[in-house]
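All remarks here apply to the structure that follows.
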């Protein structure tokens, strides 16, 4: 019977060297990105300017163009916002201040 050389150890060593190099380079790239100072997407003057452009006699989303885009992207600077996560299906409110709320149909995935 002819003996076939086993290169498994060589392949495993090569894979480990490549992975080690990849992890090292990734760590260096992340370090470079994190080492810089934080730069805000909007200056204080820009935020103040956009806030002054908000209509006082109408709803805030009637503004169009680049101002509308800024307002939607930075809504958290205009109004307090929070993400609300829920678990399970929609259920009836324990207190009904407005009956219309309970009549509103909400489609949710099962």
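Residue numbers (the working numbering): 6 to 115. Even glycine gets a Cβ: it sits at the ideal position worked out from N, Cα and C.
What are the start and end residues of the alpha helix (DSSP H) that includes residue i?
i          : result
residue 76 : 71-78
With a cut-off of 8 Å on the beta carbons, I'd call residue i and residue j a contact; round off their distance for me.
i           : j          : result
residue 111 : residue 95 : 5 Å
residue 76  : residue 68 : 6 Å
residue 59  : residue 83 : 7 Å
By a C-beta neighbour count over all protein chains shown, 10 Å radius and 16 as the cutoff for buried, is residue i buried or exposed?
i          : result
residue 66 : exposed
Determine the DSSP secondary structure at residue i, reduced to helix, strand or coil.
i           : result
residue 81  : helix
residue 28  : helix
residue 113 : coil
residue 54  : helix
residue 21  : helix
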